[in-house]
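Below: one structure, written as structure tokens.
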Amino acid sequence: MLALKLACEISLLVFLGFFLGKKKLFPDNFEASLSKFIINVSLPCLIVVSLNKPFDPSELSGLATLMIMSLAMTCAFFVLGQIGYTLVGGGSSGRLVRFGTTFCNYTYFGMPVMEALYGSNGLFLYNIFSVPIRVVIYFFASVNFSGSNERKSFREILRLLITAPTAAVVIGMVLYLCNITLPDFLKEVMDSVGSTSSPLGMILCGLSLSHIEIKNIFKFPKAFVIVLLRCIIAPVLTFGVLYFTNIDTEYIKIAVVYAALPMAAMTTSYIIEYEKNEYAVRESAVALLVSTLVSIVTLPLFTFILDKVFA
Numbered sequence: 017m018l019a020l021k022l023a024c025e026i027s028l029l030v031f032l033g034f035f036l037g038k039k040k041l042f043p044d045n046f047e048a049s050l051s052k053f054i055i056n057v058s059l060p061c062l063i064v065v066s067l068n069k070p071f072d073p074s075e076l077s078g079l080a081t082l083m084i085m086s087l088a089m090t091c092a093f094f095v096l097g098q099i100g101y102t103l104v105g106g107g108s109s110g111r112l113v114r115f116g117t118t119f120c121n122y123t124y125f126g127m128p129v130m131e132a133l134y135g136s137n138g139l140f141l142y143n144i145f146s147v148p149i150r151v152v153i154y155f156f157a158s159v160n161f162s163g164s165n166e167r168k169s170f171r172e173i174l175r176l177l178i179t180a181p182t183a184a185v186v187i188g189m190v191l192y193l194c195n196i197t198l199p200d201f202l203k204e205v206m207d208s209v210g211s212t213s214s215p216l217g218m219i220l221c222g223l224s225l226s227h228i229e230i231k232n233i234f235k236f237p238k239a240f241v242i243v244l245l246r247c248i249i250a251p252v253l254t255f256g257v258l259y260f261t262n263i264d265t266e267y268i269k270i271a272v273v274y275a276a277l278p279m280a281a282m283t284t285s286y287i288i289e290y291e292k293n294e295y296a297v298r299e300s301a302v303a304l305l306v307s308t309l310v311s312i313v314t315l316p317l318f319t320f321i322l323d324k325v326f327a
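For the sequence shown, the working numbering gives the first residue as 17, with consecutive numbering after it.
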């Protein structure tokens with residue numbers, strides 16, 4: 017029932033954004049403004065509130081396990097992406113497949129989904145899980161997409177790490193480790209603002225997808241390799257490996273759901289910045305559209321399987 021409810025909620029919100037985008041009801045800069053609000057205001061509030069809980073020393077080993085799992089999965093997905101890179105013959109398509117397989121939409125899509133599925137504690141664990149990913153993705157994007165173009169310096173990449181969500185994770189962790197609880201009135205305000213992240217994030221995904229001409233998606237067949245690797249093979253492998261470990265069931269669920277998320281929404285932006293290749297930009301947009309649509313079906317399916325297996 018929860019999986020069906022999740023599928024309906026994601027579908028309605030994404031398609032609402034898609035419909036509004038196709039109808040062109042908003043000014044051209046609306047998407048950028050909405051994205052800035054989510055990234056700089058609502059998501060940081062959601063992150064800080066989710067991390068603001070009484071400190072429990074017994075949780076530290078578990079939190080370390082989550083971050084190790086995150087790094088290990090990123091490395092495994094990179095290997096999977098490298099296989100995809102070889103299958104499509106390298107080039108810009110290969111770099112897209114490699115990046116799209118390695119990284120998913122862990123913020124706009126991941127955080128709302130984790131909160132809906134596993135509540136505030138699940139979101140707390142997920143924010144810890146995503147810390148290494150938030151660091152690695154910027155370095156990897158620069159190296160992966162630069163090609164023959166000039167790469168960003170180490171200092172420039174470090175600047176990219178200083179984002180509102182990253183700062184929110186740091187602030188939240190400091191509050192947690194120092195056992196500092198926010199005043200009720202402040203926590204309630206931040207919770208109210210943070211609660212907008214889920215619907216607005218999904219609507220923004222739909223708005224972004226509305227710019228893609230659906231009739232053109234089959235002109236980019238290599239983009240479908242990402243869908244296979246990212247939405248199907250990655251979560252199946254993750255579940256298959258973790259099922260035979262002694263890792264906490266809740267951690268396994270978070271890892272598998274993360275593995276089933278669609279391609280990272282920022283992929284196209286990275287390609288625009290580094291590749292400067294119109295075909296690659298369009299191909300990444302198609303991959304984002306198809307992987308998002310497929311994940312609306314596969315994500316609830318994996319959630320259903322997890323609930324049955326670990327009932």
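All C-beta atoms in this analysis are idealised placements derived from N, C-alpha and C, irrespective of residue type, glycine included.
Whole-angstrom distance between K21 and L28, CA atom to CA atom: 11 Å
Let me know the secondary structure DSSP gives M282 once reduced to three states. coil
Three-state class that DSSP yields for C120 in the structure shown: strand
Proximity winner among A276, A281, I270 and L309, relative to F326 (alpha-carbon distances): I270
Would you call the CB atoms of G222 and F34 closer than 8 Å? yes
A184, DSSP secondary structure in three states: helix
Counting only the same chain and skipping the five closest in sequence on each side, list residues whose C-beta sits under 7 Å from that of L50. L216 and L220
Looking at chain B, is there any beta carbon in it that lies within less than 8 Å of the beta carbon of V159? No chain B appears in the structure shown, which is made up of a single protein chain.
Under the rule that 16 or more other beta-carbon atoms within 10 Å means buried, what is G105, buried or exposed? exposed
Find out if the Cβ-Cβ distance for the pair T197, N68 is shorter than 8 Å. yes
Return the CA-CA distance between S214 and E25, expressed in angstroms with no decimal places. 10 Å
Is there contact between the segment 127-138 and the segment 248-258, where contact requires at least three CB pairs shorter than 8 Å? no
Best match in E229, P278, G97 and P148 for proximity to N160 [C-alpha to C-alpha]: G97
Y259 versus I268: straight-line alpha-carbon distance, rounded: 8 Å
Within the same chain, show all residues whose beta-carbon is closer than 6 Å to that of V243, passing over the 5 residues directly before and after it, in chain order. V306, S307 and V310
Assign Y295 to buried or exposed, taking buried as 16 or more other Cβ atoms, counted over all protein chains shown, within 10 Å of its Cβ. exposed
Mark G135 as exposed unless 16 or more other C-beta atoms lie within 10 angstroms of its C-beta, in which case mark it buried. exposed
I need the straight-line Cα distance from F140 to M189, nearest angstrom please. 10 Å
Can you tell me the Cα-Cα spacing of F156 and R111, whole angstroms? 11 Å
Alpha carbon to alpha carbon, how far is K231 from V302? 10 Å
Run through DSSP, which three-state label would M229 get? As written in the sequence, residue 229 is Glu, which differs from the Met given in the question. DSSP places E229 in coil when its eight states are reduced to three.
In angstroms, rounded to a whole number, what distance separates the CA positions of N121 and H227? 18 Å
Can you tell me where the alpha helix (DSSP H) holding C91 begins and where it ends? L76 to L103
Where K39 sits in the DSSP three-state scheme: coil
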